[in-house]
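Numbering (this note's numbering), first residue to last: 5 to 406.
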């Protein structure tokens, strides 16, 4: 009974440190999607530079996820073994190293290797950040992780707006150097400013390293795997469209590449608003599941229409993607962290969800690109999306969360 009293007597201190921790971890996390999403806005330039067809061009996005997929679960163990600082350095350092290697690449093979190394950092930051943030916000975890969840749309929006300008100014390699510099800067901020919640008791969690049985208990929980499967389906659909939509608008609609990138940035802009809102809503109604299922159902409706709409409706649908679909990630993250807390394995729970994310990022662009190159063309590619999203609904419905 002493613990609530302790927290009540220190609200100002905890609040300032909590928000500082959230802000810096958000900035560091943005380095991952910022580097991941530097490809779509300048994909036609990269295709021309390296002589890539549409299907093979999808590798530039999908290969990023290979390492993240393979290392997602080990990243959870590594986080609990080396701690938040070691994991943060691995995250930011890998992103910076991969981006620098890509900027210096003499061949497409080296460029792809750099993308793999960048993917290592994404896997680590996605496991570490929410596990460090969540204990600081025991009563407002939904809004905290909702704010953190804008790391993806902010990174994507930044590159959609900056990458075409950087590429026209200094070539595509300048885009890679920008991503490298950002990763270095935010890693330094992380080392200087981020601290974990002061004690396990205050955080309301017990590190998995102190409870060996927690590892098995967390990984045996089917809810964690259902959440990972639901998020995999979500990411297959969303990253497929996110990768190829600028190219689709450029090639099929005849819009200038920079203008196409700005148009697709509407999704990210709306996501920055709807992600935190999704966290607020789930906190208030007391249900993560209802909110993330809503986003998956909305994806099943909105995404396929994007490929059939005229230009005016296309603008509305692109904005709607960000407004309605982006409530899903923060609520899956919150559900995973809360489920993992029951056994002291929040980091491992997030690792499973990140396996789903990286599987989606890997499969989505490759599948969509292959379908776009098939006799069915773009129409078949867009028509595949509702099936994938509805599979995500079925998986998410199986999770035993509020």
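Beta carbons are placed, not taken as given, at the ideal position from N, Cα and C, and that holds for glycine.
#### Entry: Length at least 4, wholly inside the stretch 360–394: the alpha helix (DSSP H) runs in chain order
381–387
### Query
Roughly how far, in whole angstroms, is the beta-carbon of residue 266 from the beta-carbon of residue 389, given that I think they are within contact range, below 8 Å?
The residue labelled residue 266 in the question sits at position 262 within the chain shown. The residue labelled residue 389 in the question sits at position 385 within the chain shown. Actually they do not touch by this definition, with Cβ atoms about 23 Å apart.
### Message
Between which residues of its own chain and residue 280 is the CB-CB distance below 8 Å, once the five residues before and five after are set aside?
### Response
In the chain shown, counting from the first residue as 1, residue 280 sits at position 276. For residue 280, where only same-chain residues beyond five positions count, the Cβ hits under 8 Å are 147, 150, 151, 153, 154 and 334.
### Task
Tell me whether residue 260 is buried or exposed, calling it buried when 16 or more other Cβ atoms sit within 10 Å of its Cβ.
Position 256 of the chain shown, counted from the first residue, corresponds to residue 260. That one is exposed.
### Task
Indicate whether residue 123 and residue 174 have their beta-carbon atoms separated by less than 8 Å.
Numbered from its first residue, the chain shown carries residue 123 at position 119. Numbered from its first residue, the chain shown carries residue 174 at position 170. Cβ atoms of residue 123 and residue 174: not closer than 8 Å.
### Query
Given that a residue counts as buried once 16 or more other Cβ atoms are within 10 Å of its Cβ, and exposed if not, what is residue 114?
Numbered from its first residue, the chain shown carries residue 114 at position 110. Around the beta carbon of residue 114, fewer than 16 other beta carbons sit within 10 angstroms, so the residue counts as exposed.
### Task
Check whether the Cβ atoms of residue 295 and residue 306 sit closer than 8 Å, and answer yes or no.
Along the chain shown, one-based indexing puts residue 295 at 291. Along the chain shown, one-based indexing puts residue 306 at 302. Not in contact: residue 295 and residue 306 (Cβ atoms no closer than 8 Å).
### Query
Nearest chain C C-beta to residue 405 closer than 8 Å, yes or no?
Going by chain labels, chain C is absent from the structure shown, which holds only one protein chain.
### Query
For the alpha helix (DSSP H) that residue 299 lies in, which residues bound it at each end?
Along the chain shown, one-based indexing puts residue 299 at 295. Residue 299 -> alpha helix (DSSP H) spans 293–310.
### Span separating the alpha-carbon of residue 404 from that of residue 288
By one-based count along the chain shown, residue 404 stands at place 400. By one-based count along the chain shown, residue 288 stands at place 284. Within the model, the alpha-carbon separation for residue 404 versus residue 288 is close to 19 Å.
#### Entry: Exposure label - residue 319; buried when at least 16 CB within 10 Å
Along the chain shown, one-based indexing puts residue 319 at 315. Exposed: under 16 other Cβ atoms inside 10 Å.
### Query
If you count every other CB in all the chains shown that lies within 10 Å of the CB of residue 391, and 16 or more means buried, which is it?
Within the chain shown, numbered from 1, the residue matching residue 391 stands at position 387. The residue in question, residue 391, is exposed, as its Cβ has fewer than 16 Cβ neighbours within 10 Å.
### Contact set for residue 7: own chain, Cβ-Cβ below 6 Å, skip 5 residues either direction
Within the chain shown, residue 7 is the residue found at index 3, counting from 1. The predicted model places residue 7 with a pLDDT of 34, which falls under 50 and marks its position as unreliable, so this point remains unresolved.
### Message
Using a Cβ-Cβ cutoff of less than 7 Å, which residues in the same chain neighbour residue 168 once the five nearest sequence positions on both sides are dropped?
### Response
As a working mapping, residue 168 is identified with position 164 in the chain shown. Excluding positions up to five away in sequence, the list reads 45, 46, 261, 262 and 265.
### Message
If contact is defined by three or more beta carbon pairs under 8 Å, each pair taking one atom from either stretch, is the stretch 396–403 in contact with the stretch 245–252?
### Response
no
### Message
As a quick exercise: from 298, 325 and 299, pick the residue whose alpha carbon is nearest that of residue 309.
### Response
Position 305 of the chain shown, counting from 1, holds the residue named residue 309. Checked all of 298, 325 and 299; the closest Cα to residue 309 is 325.
### Query
Near residue 328, what residues of its chain come up, given a Cβ to Cβ distance below 6 Å and the 5 sequence neighbours on each side ignored?
Sequence index remark: in the chain shown, residue 328 carries index 324 (1-based). Counting only Cβ-Cβ distances below 6 Å, and skipping sequence neighbours, we find 302.
### N-terminal and C-terminal residue of the alpha helix (DSSP H) that residue 261 is part of
Taking the chain shown and counting its residues from 1, the one referred to as residue 261 is at position 257. Note, residue 261: alpha helix (DSSP H), 261–289.
### Query
Between which two residues does the alpha helix (DSSP H) carrying residue 177 extend?
As a working note, residue 177 is residue 173 in the chain shown. Its alpha helix (DSSP H) spans residues 176–197.
### Query
Does the distance from the CB of residue 239 to the CB of residue 365 come in under 8 Å?
For the purposes of this step, residue 239 is taken as residue 235 along the chain shown, with counting starting at 1. For the purposes of this step, residue 365 is taken as residue 361 along the chain shown, with counting starting at 1. In contact: residue 239 and residue 365 (Cβ atoms closer than 8 Å).
### Query
Does the separation of the CB atoms of residue 156 and residue 29 fall below 8 Å?
Walking along the chain shown from the start, residue 156 turns up at place 152. Walking along the chain shown from the start, residue 29 turns up at place 25. Cβ atoms of residue 156 and residue 29: not closer than 8 Å.
### alpha helix (DSSP H) segments (min. 4 residues) lying fully within the stretch 38–68
47–54 and 58–61
### Query
Taking only runs of the alpha helix (DSSP H) that begin and end inside the stretch 311–348, which ones reach a length of at least 4 residues, in chain order?
315–324 and 332–345
#### Entry: Own chain, CB closer than 8 Å to residue 356, minus 5 neighbours either side, in chain order
Along the chain shown, read from residue 1 onward, the residue named residue 356 stands at position 352. Cβ within range, chain order: 76, 77, 80, 223, 228, 229, 231, 232 and 340.
### Task
Compare the Cα-Cα distances from residue 133 to each of 103, 178 and 87 and report the closest residue.
Along the chain shown, one-based indexing puts residue 133 at 129. The residue with the shortest Cα to Cα distance from residue 133 is 87.
### Query
If residue 363 sits next to residue 145, beta carbons under 8 Å apart, how far is it from one beta carbon to the other, in whole angstroms?
Residue numbering aside, residue 363 sits at position 359 when the chain shown is read from its first letter. Residue numbering aside, residue 145 sits at position 141 when the chain shown is read from its first letter. The pair is not a contact, with the Cβ atoms about 25 Å apart (cut-off 8 Å).
### Where the alpha helix (DSSP H) containing residue 200 begins and where it ends
Along the chain shown, one-based indexing puts residue 200 at 196. Looking at the DSSP string, residue 200 is not in any alpha helix (DSSP H), and its letter there is neither H nor E.
### Message
Rounding to the nearest angstrom, what Cα-Cα distance links residue 311 and residue 25 in this structure?
### Response
For the purposes of this step, residue 311 is identified with residue 307 of the chain shown, where counting begins at 1. For the purposes of this step, residue 25 is identified with residue 21 of the chain shown, where counting begins at 1. If you take the alpha carbons of residue 311 and residue 25, they lie about 40 Å apart.
### Task
Tell me whether residue 228 sits in a helix, a strand or coil according to DSSP, three-state version.
Here the question's residue 228 lines up with position 224 in the chain shown. Helix.
### Query
In whole angstroms, what is the alpha-carbon distance linking residue 290 and residue 22?
Here residue 290 refers to the residue found at position 286 when the chain shown is read from its first residue. Here residue 22 refers to the residue found at position 18 when the chain shown is read from its first residue. If you take the alpha carbons of residue 290 and residue 22, they lie about 22 Å apart.
### Query
Skipping 5 residues on each side, what residues in its chain have a beta carbon closer than 6 Å to that of residue 126?
Taking the first residue of the chain shown as 1, we reach residue 126 at position 122. Excluding positions up to five away in sequence, the list reads 36 and 72.
### Message
According to DSSP, simplified to helix, strand and coil, what is residue 143?
### Response
Taking the first residue of the chain shown as 1, we reach residue 143 at position 139. Coil, per DSSP.
### Query
Does the separation of the CB atoms of residue 96 and residue 32 fall below 8 Å?
On the chain shown, position 92 is the one that residue 96 refers to. On the chain shown, position 28 is the one that residue 32 refers to. In contact: residue 96 and residue 32 (Cβ atoms closer than 8 Å).
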